[in-house]
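Counting from 21, one number per residue, gives the positions in the sequence shown under my numbering. C-beta: ideal position from N, C-alpha, C; glycine also. In this text the structure is predicted, and so the values were computed from the model without any measurement. A short write-up of the structure that comes next.
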Amino acid sequence: MNKTIRNTSVFVLLLVLALLGRATWVQAYEARALADDQKNRRNTIAQYAQPLGNIVVAGSPVTGSERSGGGTDLEYRRTYTDGELYAAVTGYSSQAYGATQLEGIYADVLDGTDDRLKNPLDAVTRKQQEPGTVLTTIDPAVQKAAYRALGNKKGAAVAVDPASGRILALASTPSYDPSRISGTNDGTAWKELTGDADKPLVNRALRQPLPPGSTFKLVVAAAALEDGLYRSVDTATESPDPYTLPHTRTVLRNENASAPCENATIRTALRYSCNNVFGKMAADLGQDKVRAMAEKFGFNDAGLDVPVRAYASVYPSKMDPAQTALSGIGQFDVTATPLQMAMVSAAIANDGLLAAPHMVSEVVDSDGDPLASFEDGDTRRIVSSSTAGQLRSAMVTVVERGTGTNAAVAGAEVGGKTGTAQHGENNSKTPYAWFTSYAKDPSTGKQVAVAVMIEDSGAARSEVSGNGLAAPVAQKMMAAALK
């Protein structure tokens, strides 16, 4: 063999070895990355090759599947029963735009590709199995009450079982029907939804923290009682009216100028929502003590999964004394989601224990065997039993004789707190209306904690109040939960 042929042979051999090495690398190390690549059309084809598993509410599926029809290689598309009612729970599963909420979190279970659905032989052959099912904690009666009471208002509502942490309702309005965007040719509907100034695709219950206003006064009151700043909710506070913010000439006034807020007790201050009392209380405690209490309730938690990830509610840091005082009335840079404020009322209702909120009870395979279960009552102590009892008593006063009378439910113990949160430059925009509460039926033992936020009702600025707009929504939800 001459030198030229020998060199050529060696070169060709090296090329073959390089190709074999590359193929081995791709198969051994890059196969999973390529399989999971969002641009891999085979994944989408496999996802919609069979009817998807369902998301279930109270034993009935609120999702389904239908054949996609001609013109696509995706065999099935997602359908929804009462799509607008449950959109904040299910999210959407779209052939073109991906999946969100429970549809996204449990996509592998619902399309049958989750490894837990396969036996060992199937895992080797990569055979697609029957899809699984997601069982939620949602109570359809409470969900319907929330959605219908919100109506055409822009807002959100959450209901939680205080003892178990089960989320009974999760509503966000305006809503949308996920069926409209579940196919491959829904571009017009997608543009309409994403271009809507009211942002119907945003889950306001979990993912839009806003200033909570006076509902945050419950957190400040809890901090004051736990710290010993005041012995009880019936101890007079040191609260001048009007109160001048520390190191400023700015006066913090009350909405009701004739309310008995000077040196008012915590009970009276919650009843009349006295800004001077809680502004000074926060300044006296200092931002570190208020933040510590807020964080015990769940503020500043960037990892709150229910299992959908909720945006963190925020109690700020590095405030001056005047800003700390404003934080005491749920203003300055304090923000909260309706879920967070429901958690505050839930912990107070549950004797100071906060049960981890969750809206999925179990994930099962096609035979009904559990793949994952979520236990109720995973609790941690937030405040003492004594503090919780005193706050419940004061919240009952708010509903019976204070600013929250529209939340009363016949035959039930109901406690609550209203909130009206200013926003915009120089408070120029329409305020947010809030209400957080709990209700207990002494005859059945049933209980529920609720938070409602009305971002915009279309009402005149002078007509916006927690009692006028948010409390009636909470009342309907609590009545439905106690039936």
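Should the region 85 to 95 be called in touch with the region 167 to 185, which here means at least 3 C-beta pairs below 8 Å?
No: the two stretches stay apart, fewer than three of their Cβ pairs being nearer than 8 Å.
Is the beta carbon of residue 473 sitting closer than 8 Å to the one on residue 290?
By 1-based counting over the sequence shown, the position of residue 473 is 453. By 1-based counting over the sequence shown, the position of residue 290 is 270. Not a contact, by the Cβ cut-off of 8 Å.
Straight-line CA distance for residue 201 to residue 132?
Start at 1 with the first residue of the sequence shown, and residue 201 comes out as number 181. Start at 1 with the first residue of the sequence shown, and residue 132 comes out as number 112. Whole-angstrom Cα-Cα distance: 22 Å.
Between residue 433 and residue 459, which are expected to be in contact by the criterion C-beta below 8 Å, what is the C-beta distance as a whole number of angstroms?
Against the sequence shown, residue 433 aligns to sequence position 413. Against the sequence shown, residue 459 aligns to sequence position 439. With 8 Å as the limit, residue 433 and residue 459 qualify as a contact, their Cβ atoms being about 7 Å apart.
For residue 241, which of 462, 355, 38, 437 has the nearest alpha-carbon?
Taking the first residue of the sequence shown as position 1, residue 241 is located at position 221. Comparing Cα-Cα distances from residue 241 to each of 462, 355, 38, 437, the minimum goes to 437.
Residues that residue 85 bridges to, as DSSP identifies them
Position 65 of the sequence shown, counted from the first residue, corresponds to residue 85. Residue 85 is bridged to 98.
Is DSSP giving residue 435 helix, strand or coil here?
As a working mapping, residue 435 is identified with position 415 in the sequence shown. Looking at residue 435 - three-state DSSP - the assignment turns out to be strand.
Can the beta-carbon of residue 319 be found less than 8 Å from the beta-carbon of residue 360?
In the sequence shown, residue 319 corresponds to position 299, counting from 1. In the sequence shown, residue 360 corresponds to position 340, counting from 1. Yes, Cβ-Cβ distance for residue 319 and residue 360 is below 8 Å.
Using C-beta distances below 6 Å, list every residue in its chain close to residue 397, excluding the 5 sequence neighbours before and after it, in chain order.
Position 377 of the sequence shown, counting from 1, holds the residue named residue 397. Here the set comprises 184, 375.
Exposed or buried, what is residue 31 when buried is set at 16 or more other beta-carbons lying within 10 Å of its beta-carbon?
Numbered from its first residue, the sequence shown carries residue 31 at position 11. Exposed is the call here.
Ignoring anything shorter than 4 residues, give me the alpha helix (DSSP H) runs that lie fully in the region 386 to 440, in order along the chain.
405 to 421
Locate the alpha helix (DSSP H) running through residue 342, then write down its first and last residues.
Indexing the sequence shown from 1 puts residue 342 at position 322. It spans 341 to 347 - the alpha helix (DSSP H) in which residue 342 sits, taken as one unbroken run.
Spatially closest choice to residue 339 from 348, 331, 332, 333, by CA coordinates:
For the purposes of this step, residue 339 is taken as the residue at position 319 of the sequence shown. Answer by Cα proximity: 348.
Kindly identify the DSSP beta-bridge partner or partners of residue 230.
Translated into the one-based positions of the sequence shown, residue 230 becomes position 210. Beta-bridge pairing links residue 230 to 356.
Considering only DSSP beta bridges, list what residue 157 is partnered with.
Looking up residue 157 in the sequence shown gives position 137. Beta-bridge pairing links residue 157 to no other residue.
Nearest-angstrom Cα distance between residue 125 and residue 392?
One-based indexing of the sequence shown puts residue 125 at position 105. One-based indexing of the sequence shown puts residue 392 at position 372. Straight-line Cα distance between these residues: approximately 13 Å.
Can you list, in chain order, the residues of its chain whose CB lies under 6 Å from that of residue 119, leaving out five sequence neighbours each side?
Looking up residue 119 in the sequence shown gives position 99. Closer than 6 Å at the Cβ level, and outside the excluded window around residue 119, lie 113, 127.
Going straight from the alpha carbon of residue 130 to that of residue 163, what length do you get?
The residue you call residue 130 lines up with position 110 of the sequence shown. The residue you call residue 163 lines up with position 143 of the sequence shown. If you take the alpha carbons of residue 130 and residue 163, they lie about 23 Å apart.
Could you name the residues of the same chain whose beta carbon sits closer than 8 Å to that of residue 235, not counting the 5 residues immediately before and after it, in chain order?
Sequence index remark: in the sequence shown, residue 235 carries index 215 (1-based). Here the set comprises 350, 356, 361, 364, 437, 438, 439, 454, 455, 456, 471, 486.
Tell me the DSSP bridge mates of residue 455?
As a position in the sequence shown, residue 455 is number 435, starting the count at 1. Residue 455 is bridged to 438, 472.
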